[in-house]
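Just below is one structure, and these are the notes that go with it.
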Amino acid sequence: MLDKKVVELLNQQVNKEFYSAYLYLDFSNFYYDQGLDGFGNWYKIQAQEERDHAMLFVQYLQNNGEKVELEAIDKPGIVLESAKAVLGEGLKHEQYVTSLIHNIYDAAYSIKDFRTMQFLDWFVKEQGEEETNAENLVKKFELFGDDPKSLYMLDSELGARVYSAPSLTL
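When we follow the numbering used here, the leftmost residue of the sequence shown carries the number -16, and every step to the right adds one.
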């Protein structure tokens, strides 16, 4: 059995990951509405990844005999004003998710819950990659976003992204 506080945090993370999927689907819809289908594709895939992350937390709880507590998923409350601003919000959100993962890890570490720490190791690495990807998108948009030809090329690059399911073995 897992520690009660760790279970609570893991259940909260399930909801946060599903919220992230909603948020990124909202971002995707914004970009499709702007005619930036590549950016829309990139965030649609991000939404799929976040949904899969939620399911990994669900599976971990179930594998450890714990009850999964699903909560209502909040509607994204971010006002989407510009293509560049959305990218900045994406970076801020990834930094927030990293802090949530670190908080769960800290709770597991404090009680020497090595199994949960090992499970979370993948997410710690994943969040490093997510922050880097989000930061790189912001940088690329700052470099190329004002030039229509460059923006077209960046949009085409993002449109080539394909979905790849996480490779975490539980």
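A virtual CB, placed ideally from N, CA and C, is assigned to each residue, including glycine.
Using three-state DSSP, classify Y146 as helix, strand or coil. For the purposes of this step, residue 146 is taken as residue 163 along the sequence shown, with counting starting at 1. Of the three classes helix, strand and coil, the one that applies to Y146 here is coil, per DSSP.
Can you give the Cα-Cα distance for Y43 and V(-3), rounded to whole angstroms? As a working mapping, residue 43 is identified with position 60 in the sequence shown. As a working mapping, residue -3 is identified with position 14 in the sequence shown. If you take the alpha carbons of Y43 and V(-3), they lie about 10 Å apart.
Where Q101 falls: helix, strand or coil (DSSP): Here residue 101 is taken as the residue at index 118 of the sequence shown, counted from 1. In this structure, Q101 counts as helix in the three-state DSSP scheme.
Are F1 and A37 closer than 7 Å when you measure CB to CB? Locating residue 1 in the sequence shown gives position 18, counting from the first residue. Locating residue 37 in the sequence shown gives position 54, counting from the first residue. The answer is yes: Cβ separation under 7 Å.
Under 8 Å Cβ to Cβ from N12, same chain only, skipping five residues before and after it: list those, please. Within the sequence shown, the letter at position 29 stands for residue 12. Within the same chain, N12 has close Cβ partners G23.
Could you say which of E54, S65, D104, L134 lies nearest to E(-9) if we only look at CA atoms? Taking the sequence shown and counting its residues from 1, the one referred to as residue -9 is at position 8. Closest by alpha carbon: E54.
Check Q17 in the structure and name its three-state DSSP category. On the sequence shown, residue 17 is found 34 positions in, with the first residue counted as 1. Here Q17 sits in coil by DSSP.
CA-CA distance, K67 and K95? Here residue 67 refers to the residue found at position 84 when the sequence shown is read from its first residue. Here residue 95 refers to the residue found at position 112 when the sequence shown is read from its first residue. When rounded, the distance between both Cα atoms is 42 Å.
Identify whether I94 lies in helix, strand or coil by the three-state DSSP scheme. Here residue 94 corresponds to residue number 111 of the sequence shown, with the count starting at 1. Three-state DSSP puts I94 in coil, outside helix and strand.
Cβ shell of V(-11) (< 8 Å), same chain only, five flanking positions each side left out: In the sequence shown, the residue the question calls residue -11 occupies position 6. Around V(-11): I87, A90, A91, I94, D96, T99.
Are the CB atoms of L83 and K(-13) within a distance shorter than 7 Å? As a working mapping, residue -13 is identified with position 4 in the sequence shown. As a working mapping, residue 83 is identified with position 100 in the sequence shown. No, the pair does not count as a contact, with Cβ atoms beyond the cut-off.
Completely contained alpha helix (DSSP H) runs for the segment 31 to 95, where each covers 4 or more residues: 66 to 93
What does a CB cutoff of less than 6 Å around S133 pick up in its chain, not counting 5 residues either side in sequence? Stepping through the sequence shown from its first residue, residue 133 is reached at position 150. Around S133: F127.
May I ask you to report which of helix, strand or coil DSSP gives L(-15)? Here the question's residue -15 lines up with position 2 in the sequence shown. It is coil, neither helix nor strand.
Option nearest V69 by Cα separation, candidates V80, L6, N(-6), G142: Residue mapping note: residue 69 aligns to position 86 of the sequence shown, counting from 1. Out of V80, L6, N(-6), G142, L6 has the C-alpha closest to the C-alpha of V69.
Out of K58, I56, V41, D57, state which residue places its alpha-carbon closest to the alpha-carbon of K50. Translated into the one-based positions of the sequence shown, residue 50 becomes position 67. A check of alpha carbon separations from K50 across K58, I56, V41, D57 identifies V41 as the nearest.
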